[in-house]
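Residue numbers (UniProt numbering), protein chains in the order written: chain R, 1 to 147; chain V, 1 to 147; chain L, 1 to 77; chain W, 1 to 77.
To start, the structure itself, in structure tokens.
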Amino acid sequence: MKEGKPKNIFIKGAITASFIAESIEKHSVKKNIGGHSIFLGQVRADEINGKKVSAIEYTAYEEMAMQKMHEIREAVFEQYELTCMHVYHSLGKVAAGEICLFVFTSSAHRKAAIAACSELVERIKAELPVWGAELFEDNTHQWKVNQ
Amino acid sequence: MKEGKPKNIFIKGAITASFIAESIEKHSVKKNIGGHSIFLGQVRADEINGKKVSAIEYTAYEEMAMQKMHEIREAVFEQYELTCMHVYHSLGKVAAGEICLFVFTSSAHRKAAIAACSELVERIKAELPVWGAELFEDNTHQWKVNQ
Amino acid sequence: MKIRVLLFGQLAEASGVSELEMEGYADTISLISALQERFPTLQQSKYMMAVNQQMVSENTKLSENATVALMPPFSGG
Amino acid sequence: MKIRVLLFGQLAEASGVSELEMEGYADTISLISALQERFPTLQQSKYMMAVNQQMVSENTKLSENATVALMPPFSGG
């Protein structure tokens, strides 16, 4: 479904498994879908200089991120034969083990869904004005760097 | 998790969204995971010569499929840095709009999870002795052909 | 020498049988020709063969209690 | 001429401010040099700039009520 206006992609805190399940469930009425591809980003409890990451706190330039996501969405819909595309990103604190990014594409045929999902993940990480601060157990933090 | 023995990948009937949610949820204790990649196959209500597919009925050479899946699993674990890999395939009748295949890979970094998931889907379709009969609304059927 | 034969998908449908026991065939060529006599539709069918769950493409010796599976093109997923 | 300036991530943290209003700067070069005077840590920082939500890499004229965002490398996902 192509949409005319920027959608809010941000969710306060972690993205829950039940939210993901509901999102999957909603697609059972779309009987032209043959394959769904989903990417989930999960917060890692990395150890950095002997200190463990307990959570990531996300902030964003929300308005610009939604506008940018809108442009990416339009471009990816142009490029691939998709029936649906959904993107959700956490804001605020997300604990290690919790989910902070949910990218969901659907298509009649698997290849378009898989390729589009993978491309979306790369573009989201590279192009959306979002920042993660890795919070350590001792209440210090460092700014995340995307690879 | 590498496992020594073939696992049962078959589920009677459709794979439910709540089953998928539970499977996602279980990974929140694995704090070295940074990304999950999921593929879901959904039954399409294709129209073929004016008749609509209402369901697919799956049969398999179960023993051989599980053995083959075990080999694929070992090979994919060799090839990619994965923390987990789960595969479920329906047997019996799955209605249009329902989910018949669930492939789920997890890794510290997104690229391994995404590439492994995509490769698994291709190998499952090409190498597992599983057959789908497309059932039409008028109770006739035809045998599915994989692209 | 007993051989267990499994038929799947459209092969099982066309022949009306999914499992049978055959006796006295030492290799897959002789087994297949006996099966084709019994189920003439097999001659027009496209299938792959596995002996004891291993895919085989050439004539293969059969041992006691071998399982031979005739499988139409896979269409899972 | 009023300009709205937004600072994000480590830039907001280092300068202790995430939003401010500046007045009397006609382009991004003059604005940035004033900001660097006010927040010396900016000189050592790596950042990208957006004017009215459009990324800019060269000196850009500013119009009344423009929003200029200084953004450290993105690290979403």
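The beta-carbon is built from N, C-alpha and C at its ideal position, and this holds for glycine as well.
Inset, instruction - Return the chain-ordered list of same chain residues with a C-beta closer than 6 Å to the C-beta of L:Pro72, the five sequence neighbours on each side being excluded. - result: Gly9, Gln10, Leu11 and Tyr47
Legend entry - DSSP-derived helix/strand/coil call for residue 152 of chain R: Since the first and last residues shown for chain R are 1 and 147, residue 152 of chain R lies out of range.
Inset, instruction - Figure out for me which residue from W:Gly77, W:Glu64 and W:Leu70 has the closest Cα to the Cα of W:Tyr25. - result: W:Glu64
Inset, instruction - Could you tell me whether the Cβ atoms of residue 150 of chain V and R:Phe19 are closer together than 9 Å? - result: Since the first residue shown for chain V is 1 and the last is 147, residue 150 of chain V is missing from the structure and cannot be characterised.
Inset, instruction - Can you tell me which of V:Arg44, V:Gly92 and V:Val76 puts its alpha carbon nearest to the alpha carbon of V:Thr105? - result: Checking every option, the nearest Cα to that of V:Thr105 belongs to V:Val76.
Inset, instruction - Using the Cα positions of V:Leu120 and V:Val87, report the straight-line distance between them to the nearest angstrom. - result: 9 Å
Inset, instruction - Look at the alpha carbon of V:Trp143 and the alpha carbon of R:Lys12, and state the distance between them as a whole number of angstroms. - result: When rounded, the distance between both Cα atoms is 47 Å.
Inset, instruction - Grab the span of the alpha helix (DSSP H) containing R:Met66 for me, first residue to last. - result: Glu62 to Gln79
Inset, instruction - Could you name the residues of the same chain whose beta carbon sits closer than 8 Å to that of R:Asp46, not counting the 5 residues immediately before and after it, in chain order? - result: Lys52, Val53 and Glu134
Legend entry - Rounded C-alpha distance that separates R:Leu101 from W:Ser18: Distance between R:Leu101 and W:Ser18, taken at the CA atoms: about 25 Å.
Inset, instruction - May I have the straight-line CA-CA distance separating V:Gly50 from V:Lys26, to the nearest angstrom? - result: Rounded to the nearest angstrom, the two C-alpha atoms are 44 Å apart.
Inset, instruction - Can you say whether R:Ala17 is buried or exposed, counting buried as having 16 or more other CB atoms within 10 angstroms of its CB? - result: buried
Inset, instruction - May I ask you to list, following chain order, the residues of the segment 33-52 of chain R that have a beta carbon less than 7 Å from some beta carbon of chain V? - result: Ile33, Gly34, Gly35, His36, Ser37, Ile38, Phe39, Leu40, Gly41, Gln42, Arg44 and Ala45
Legend entry - Spatial distance of R:Ile56 from V:Pro6 (CA atoms): 38 Å
Legend entry - Cβ pair W:Ala69, R:Pro129 closer than 9 Å: yes
Legend entry - R:Gly97 - DSSP class collapsed to helix/strand/coil: Secondary structure of R:Gly97 (DSSP, three-state): coil.
Inset, instruction - Taking only beta-carbon positions, decide if V:Leu128 is within less than 9 Å of chain L. - result: yes
Inset, instruction - Identify which residue in R:Gly132, R:Glu63 and R:Ala21 has its Cα closest to the Cα of R:Ala96. - result: R:Gly132
Legend entry - Best match in V:Gly35, V:Ile33 and V:Tyr61 for proximity to V:Glu127 [C-alpha to C-alpha]: V:Tyr61
Inset, instruction - Can you give me the start and stop residues for the beta strand (DSSP E) that R:Ser37 sits inside? - result: Gly35 to Gln42
Inset, instruction - Tell me R:Tyr58's beta-bridge partners as DSSP assigns them. - result: R:Gly92 and R:Gly132
Inset, instruction - Whole angstroms is fine: what's the gap from R:Leu82's alpha carbon to L:Thr60's? - result: So the alpha carbons of these two residues sit roughly 46 Å apart.
Inset, instruction - Would you list the residues sitting across from V:Phe102 in a DSSP beta bridge? - result: Answer by DSSP bridge pairing, in chain order: V:Leu40 and V:Tyr88.
Inset, instruction - Starting from the Cα of R:Asn139, find the closest Cα among R:Ile124, R:Lys93, R:Ala115 and R:Ala108 and give me that residue. - result: When only C-alpha atoms are compared, the closest one is R:Lys93.
Legend entry - Straight-line Cα distance separating R:Gln147 from V:Cys84: Going from the Cα of V:Cys84 to the Cα of R:Gln147 covers about 22 Å.
Inset, instruction - Please name the residue or residues paired with L:Thr67 in a DSSP beta bridge. - result: DSSP lists L:Arg4 as the beta-bridge partner residues of L:Thr67.
Legend entry - Amino acids of chain R, ordered along the chain, whose beta-carbon sits closer than 7 Å to that of W:Gln10: Trp143
Legend entry - DSSP beta-bridge partners of W:Phe74: Looking at the DSSP assignment, W:Phe74 forms no beta bridge with any residue, so it has no partner.
Inset, instruction - Inspect the beta-carbon positions of R:Ala65 and W:Gly16 and report whether they are closer than 9 Å. - result: no
Legend entry - Inter-residue spacing [alpha-carbon to alpha-carbon] between V:Met69 and V:Ile124: If I take the Cα positions, the gap works out to 8 Å.
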